[in-house]
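For the sequence shown, this note's numbering gives the first residue as 0, with consecutive numbering after it. Cβ coordinates follow ideal geometry from the N, Cα and C atoms, glycine included. Let me begin by presenting the structure, written as structure tokens, before commenting on it.
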Amino acid sequence: MNKTAIITTLLFLPLFLFSQQINPAYTPAPERLQNSDKRKAMLEQSLVKNVPFKSIGPSVFSGRVADVDVRPENPTFFYVAYASGGLWKTENNGQSFTPLFDNEAVMSIGDIAVDWPNNSVWVGTGEVNSSRSSYSGVGMFKSTDGGETWQHKGLPESHHIGRVLVHPSDPNTVWVAVLGHLYSPNEERGIYKTTDGGETWNRVLFVDENTGAIDLVIDPQNPNILYAATWHRERRAWDFVESGEGSGIYKSIDGGNNWTLLSTSESGFPTGKGAGRIGLDAAVKNGKTILVAVIDNQNRRPKEDKKEKGLTKDALRDMSAEAFLKLEEKDIEKYLKDNNFPKKYTPKKVKKMVRKHEIKPAALAEYLDNANAQLFDTPVVGAEVYSSDDGGLTWAKTHEGYLDDVYYSYGYYFGQIRVAKQQPEKLYIFGVPILVSEDGGKNWQTINSPNVHSDHHALWVDPARNGHLILGNDGGINISYDGGENWVKCNTPSVGQFYHIAVDMEQPYNVYGGLQDNGSWYGPHTFKASTRWHATGHYPYRSFAGGDGMQTAVDTRDNNTIYGGFQFGFYFRINKKTGKKKRITPRHD
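Right under this line is the structure:
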């Protein structure tokens, strides 16, 4: 080896080693499945294996729903799949639920499909909402006895599964939309098909190692015609790419064996780097199949010419040093004071820093940025709805203008659309609220109510009874019989996604915890989860923070001073007795 080669190797070796540390290799599926078997064996040998667990709450909410599947002829019987809480069934319209998936290798579910005539249930593991709290699965599972027992049916490296479809007349033919790994590229993604009940699988559609399949629908008039949505997304600990060239809509006319891209630049459907997550549905109108799609359009909105008074963040982002130095000090002072800058930053000092090129004017805007505000400060187009009446060859946007306050900046977390099969002009889209359109997508209105949680992921629309809806969101299941004017909340089972728990030294002691999108709570460890509080109105748990509840801590010297907060580092010190709260988030200099 010559000297140049040796020097080059030495120069790049630290970079290679560093990259391995910040982006370590994922655990292969066979090893994950082996570890699951080891855990079961260890449990059998455990001294406490016969000590039962009991739920101590909180039970005022359930947990993040991934999918629902309802028995058509008896809609009081349905299955609910949770993002990290397994699979449950109810046979009494959500009054009680039975767990069915507690003993399998994973609890995270992306989608389910029930073959009701044959009492078979398919589970695609690994939630697809691609958030920081989305966990990977190990492929497909099948039950032939309604969920009592399970068999693993392959696709172990799929990690995240977006849709499972069973052929309407051939239960051995199943299609699966595989999204693939979230934090790394991989080959096992795209559309997969089995014709032997899951014994073998063929990949029939593949785009690239960072693009997977997120949705899939069967033409209601011909089961050999299918439509698939693909999505380019890449997440790292420090970054998330939620759109790309690979996102698109495909069509098959031979049962999924071959596919054609529909969403070309001439089709009228958004394409390119700004094309994000896509959701699909189909219905029949006047003898013709109508397709509808919702897309998270990540392209930027045109800048509005706002006439805001005084100095603004937007103005500073594009301002030159020369222009800044010409500003009057009273305008700079007002900006600093209104935005609560530390007192040491006076107009004179800031101008001096800009003059000496220590900072740029844009730094005064960036100083105020935080990740939580950026969730809602959304310059992207966001949710858009399109329809097609020619088999997906051409598409038209159904509405004018923007659908504000639906996706904000995180449309990757939603991406679903439903059409009422008997009323194809009635559409539903999910986001932070759930919206309905009665006129084919031209106009939209929210059907949330005070007892309906935000962030929606699943909806069943009763084809036989107008207005009957079963909705799944980050808080659990809601049921409506009047089209969403009123909702019943089914707040069992308690499968909230805890990020962290803590205890104090009270007698009896209290348990504290922060949950995904259900805030932070505390209550006595002696509480036994039940519905008694529905009658008495006395519920022992107390909420002390909202949003995504995160880490909690208790000062055990008095057991009254607690610390907690929500996403992106917003933390508070709280006195339980007085209710006094003070934000303690550290500020940068």
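Test: residue i CB closer than 7 Å to a CB of chain B
i	result
Asp295	Protein chains in the displayed structure number just one, and chain B is not present.
Run of the beta strand (DSSP E) containing residue i, from where it starts to where it stops
i	result
Leu458	455–460
Leu225	221–231
Met139	139–142
Trp121	119–124
Pro423	422–429
Asn34	Unbroken run through Asn34 is the alpha helix (DSSP H), 28–44; no beta strand (DSSP E).
Gly518	518–523
Gln297	287–299
Ser387	379–387
Lys284	274–284
Ile252	It is not in any beta strand (DSSP E) - Ile252 carries neither H nor E in the DSSP assignment.
Thr89	85–89
Asp214	210–218
Contacts around residue i, its chain only, beta-carbon distance under 6 Å, and the 5 residues preceding and following it disregarded
i	result
Gly138	Gly153, Leu154, Pro155, Ser157
Ile573	Phe543, Ile561, Lys580
Gln150	Lys141
Glu328	Pro346
Arg234	Leu181, Tyr182
Lys312	Ala364
Asn118	Gly145
Tyr401	none
First and last residue of the uninterrupted alpha helix (DSSP H) at residue i
i	result
Arg316	312–316
Ser493	Premise fails: Ser493 is in no alpha helix (DSSP H) and is neither H nor E.
Arg531	531–535
Leu99	Here Leu99 belongs to no alpha helix (DSSP H), and DSSP marks it neither H nor E.
Glu365	362–365
Member of the options whose CA lies at the smallest distance from the CA of residue i
i	options	result
Arg586	Asn91, Phe569, Met106, Thr229	Phe569
Phe413	Val431, Glu208, His398	Val431
Arg417	Gly211, Asp317, Leu290, Lys396	Leu290
Tyr521	Ser529, Ala292, Gly512, Lys527	Gly512
Lys53	Asp554, Glu327, Thr525, Phe567	Thr525
Ile217	Arg234, Trp237, Ser168	Ser168
Asn102	Gly146, Gly563, Arg299	Gly146
Ala364	Asn490, Ser142, Ala463, Asp317	Asp317
Pro507	Ile252, Asn558, Ile469, Met106	Asn558
Thr193	Asp461, Asp503, Val173	Val173
Leu458	Val67, Glu43, Thr26	Val67
Ile500	Val206, Ala80, Leu514, Gln421	Leu514
Phe323	Asn485, Glu244, His356	His356
Leu260	Asn472, Gly391, Ala382, Ile358	Gly391
Gln220	Ala281, Asn118, Asn485, Phe571	Ala281
Ser408	Thr445, Lys336, Asp295	Asp295
Val105	Pro74, His159, Pro116	His159
Asp110	Ala65, Ser133, Gln297	Ala65
Gly62	Gln566, Thr491, Arg556	Thr491
Asp516	Ser453, Asn509, Val502	Ser453
Where residue i falls, given that 16 or more other Cβ within 10 Å makes a residue buried
i	result
Gly475	buried
Leu426	buried
Lys348	exposed
His533	exposed
Trp237	exposed
Met41	exposed
Thr584	exposed
Ser58	buried
Phe17	With a pLDDT of only 49 at Phe17, under 50, the local geometry of the prediction cannot be trusted, and no value is derived from it.
Ser45	exposed
Val460	buried
Thr124	buried
Gln496	buried
Glu383	buried
Gly179	buried
Leu310	buried
Check: residue i C-beta below 6 Å from any heavy atom of the ligand SAH
i	result
Ile213	In terms of ligand content, the structure shown is empty, and the ligand SAH therefore cannot be addressed.
Neighbourhood of residue i by C-beta distance below 7 Å, restricted to the same chain and skipping five residues each side
i	result
Ser130	Tyr412
Glu437	Glu424, Lys425
Gly189	Val177, Arg202, Leu204, Phe205, Val206, Gly211, Ala212
Glu208	Pro184, Asn185, Glu186
Other residues of its chain near residue i: CB distance less than 8 Å, five sequence neighbours each side excluded
i	result
Ala395	Gly267, Tyr385, Ser386, Ser387
Gly578	none
Trp486	Ser448, Asn450, Val451, Leu470, Asn477, Ile478, Ser479
Val283	Pro219, Gln220, Ile289, Lys420, Pro423
Lys88	Phe76, Phe77, Tyr78, Val79, Phe96, Thr97, Leu99, Gly145, Gly146
Asn442	His398, Ser436
Asn91	Thr75
*Hey, which unbroken runs of the alpha helix (DSSP H) at 4 residues or more fall wholly within the region 307–357?*
312–316, 320–324, 328–337, 346–354
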